[in-house]
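Numbering (this note's numbering) for the sequence shown: 1062 to 1104.
C-beta atoms are modelled at their ideal positions from N, C-alpha and C, and glycine is treated no differently.
Fair warning: this is a prediction, and the values are worked out from it, not measured in the lab.
Here is the structure we will look at, set down as structure tokens.
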Amino acid sequence: VLELARQIVASEDAILSEALAGMPLAEVRKRHRYHTLQRGDRP
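Shown next as structure tokens:
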């Protein structure tokens, strides 16, 4: 559980960083598979 939480935080940090850098949010979310973050079915 702790490792999954760390992965989620790392992904969210990357999403935020790229969005703040100007990348479109939809593209960032797709790139980091935002829709699967908390499901546990990420590779």
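Between the beta-carbon of S1078 and the beta-carbon of L1098, is there less than 7 Å?
It is not a contact, given that the beta carbons lie outside the stated cut-off.
Just the C-alpha distance for A1080 and K1091, rounded to the nearest angstrom, thanks.
Each residue's Cα considered, the two are about 12 Å apart.
Closest by CA to Y1095, which one among L1065, V1062, I1076, E1064?
The residue with the shortest Cα to Cα distance from Y1095 is I1076.
Just to confirm the assignment, what range does the alpha helix (DSSP H) spanning A1087 have?
First-last of the alpha helix (DSSP H) with A1087: 1086-1092.
Residues in the same chain with beta-carbon distance under 6 Å from V1062, minus the five sequence neighbours each way, listed in chain order, please.
No residues qualify anywhere along the chain.
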